[in-house]
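Numbering (my numbering), first residue to last: 179 to 672.
All C-beta atoms in this analysis are idealised placements derived from N, C-alpha and C, irrespective of residue type, glycine included.
Here the structure is laid out as structure tokens; the discussion comes afterwards.
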């Protein structure tokens, strides 16, 4: 069993062995988070569990809200670009995708309580953090592929003993792929033969030119309402309720063409396209505390409860075939629609920070995420997701993420920052994929009594391995991704 691309296509999942891990992989990617938000948080690698004092740190540990001493408004515009280098049958292909976005925005209100015992202050915050960006593009391309997508369709028909009577636009899963190829005469059935083991395949003999391109977009945004308090300048506590919104678009296109000099049929080329959108809302809680045993040392802990999402997926596909001396053939599936619930994993964080007076600070976080605790549940059509639940246990594993940050105050107004984060691989040894990645970051900040501006740059390195279709017919392709993110935070204290 091979882990493949991000697609939740319930019907295909039910009938194709090589797709049996698609749903839980979508659940994984929709549940993951990166180091995003304000420029200061990004620059220091997200190592803020024991620090606080920054707007985006409220999402990491809401106790950090108690560290803030004044009202403030912040906004963070950002630019993100994803560059991929993919290798497929020895041929490398570059691709990229970029976008401007809003990394975070919010407001904090602080009330001083110096006259009420040892409670020094209380605070409330409302805002939004963009916790995950799905923007990505990559391409596999080769002119020496020894099989075709149509071959995988043919194998499915033979293996399952299917004929024309089994293919219809209403008949899932075949109405989303094989039926379209059948309608466009890429496959045909020998009606004068009573066997189901012989088919006419319009792609003819191999090899062929093949291009596979995936383009993804969208984000996960968390809007939160947080509360925090400061007890005796020693203990800071906080909590928030978060409302997550997911919007994820995925399109992939497989194009296959045949060199006229090598052609054994009259097919010039054909193209298969699949589009999906996943959207919905979720709700969860964050709780945390920070303890300062000395003026220099700070210890922090936070708990992020599972987010319970109510999601909808819409998907459709199409196929175009061009034969010599014929007008192009075009066929399209119906619009698929499905509702389901997703419960993200429990997440806990522990941090330590040391402050060197007015010179600067260093911090480190350890984060534990139990991906085997994810749950999926259907809300329509009676689908129970038992197969996905089994696959989550079979292929995923809890991970430990490490985050490190440092800040050096050049003057009373200017600070330099740097950070590093290593996110563990959520796939276990049974899987063929690798999901870990590294983040490198640095930044600069300028602060006055009532205004501040922070800038950051973040570099992310990751990789992916996948099969376009049946791994018995095609080699896997690999992609190396480099993400660049530039963020600028503007803040006003009042």
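In whole angstroms, what separates the C-alpha of residue i from that of residue j?
| i | j | result |
| --- | --- | --- |
| residue 537 | residue 623 | 14 Å |
| residue 229 | residue 625 | 18 Å |
| residue 232 | residue 544 | 19 Å |
| residue 218 | residue 284 | 15 Å |
| residue 135 | residue 498 | Nothing in the structure corresponds to residue 135, since the chain is present only between 179 and 672. |
| residue 510 | residue 496 | 4 Å |
| residue 579 | residue 547 | 8 Å |
| residue 570 | residue 550 | 6 Å |
| residue 199 | residue 206 | Unreliable placement is indicated for residue 199, whose pLDDT of 42 sits below 50; no coordinate value is reported for it. |
| residue 639 | residue 658 | 8 Å |
| residue 527 | residue 321 | 48 Å |
| residue 481 | residue 403 | 16 Å |
| residue 297 | residue 408 | 6 Å |
| residue 653 | residue 267 | 7 Å |
| residue 587 | residue 594 | 6 Å |
| residue 394 | residue 520 | 20 Å |
| residue 472 | residue 541 | 15 Å |
| residue 439 | residue 641 | 37 Å |
| residue 629 | residue 592 | 12 Å |
| residue 292 | residue 305 | 27 Å |
Beta carbon of residue i, beta carbon of residue j: below 8 Å?
| i | j | result |
| --- | --- | --- |
| residue 281 | residue 214 | yes |
| residue 353 | residue 243 | no |
| residue 289 | residue 274 | no |
| residue 621 | residue 632 | yes |
| residue 225 | residue 260 | no |
| residue 493 | residue 434 | no |
| residue 670 | residue 251 | yes |
| residue 387 | residue 329 | no |
| residue 400 | residue 567 | no |
| residue 459 | residue 423 | yes |
| residue 483 | residue 524 | yes |
| residue 327 | residue 450 | yes |
| residue 485 | residue 466 | no |
| residue 430 | residue 452 | yes |
| residue 312 | residue 664 | no |
| residue 234 | residue 522 | no |
Contact check, residue i vs residue j under 8 Å by CB: the rounded distance?
| i | j | result |
| --- | --- | --- |
| residue 223 | residue 477 | About 18 Å; that fails the 8 Å criterion. |
| residue 254 | residue 667 | 4 Å |
| residue 272 | residue 279 | Going by Cβ atoms, the distance from residue 272 to residue 279 rounds to 23 Å, so no, they are not a contact pair. |
In terms of residues, what are the limits of the alpha helix (DSSP H) holding residue i?
| i | result |
| --- | --- |
| residue 329 | 327-338 |
| residue 218 | 217-221 |
| residue 653 | No alpha helix (DSSP H) contains residue 653, which DSSP labels as neither H nor E. |
| residue 358 | 356-361 |
| residue 676 | Since the first residue of the chain shown is 179 and the last is 672, residue 676 is not available in this structure. |
Tell me which same chain residues have a C-beta within less than 6 Å of the C-beta of residue i, skipping the five on either side of it?
| i | result |
| --- | --- |
| residue 656 | 265, 643 |
| residue 596 | 584, 620 |
| residue 432 | 327, 390, 450 |
| residue 514 | 493 |
Any heavy atom of the ligand ATP closer than 7 Å to the CB of residue i?
| i | result |
| --- | --- |
| residue 582 | For the structure depicted, the ligand ATP is absent and the ligand set is empty, with no information on it obtainable. |
If I follow the unbroken beta strand (DSSP E) through residue i, where does it start and stop?
| i | result |
| --- | --- |
| residue 474 | Neither: residue 474 is in no beta strand (DSSP E) and is coded neither H nor E. |
| residue 566 | Premise fails: residue 566 lies in the alpha helix (DSSP H), 564-573, not in any beta strand (DSSP E). |
| residue 491 | 486-501 |
| residue 402 | 386-409 |
Using a Cβ-Cβ cutoff of less than 8 Å, which residues in the same chain neighbour residue i once the five nearest sequence positions on both sides are dropped?
| i | result |
| --- | --- |
| residue 365 | 328, 331, 332, 335, 356, 359, 377, 378, 379, 380 |
| residue 443 | 380, 381, 382, 436 |
Please list, in chain order, all residues of the same chain as residue i whose beta carbon is under 7 Å from its beta carbon, the five residues on each side excluded.
| i | result |
| --- | --- |
| residue 249 | 286, 287, 288, 671, 672 |
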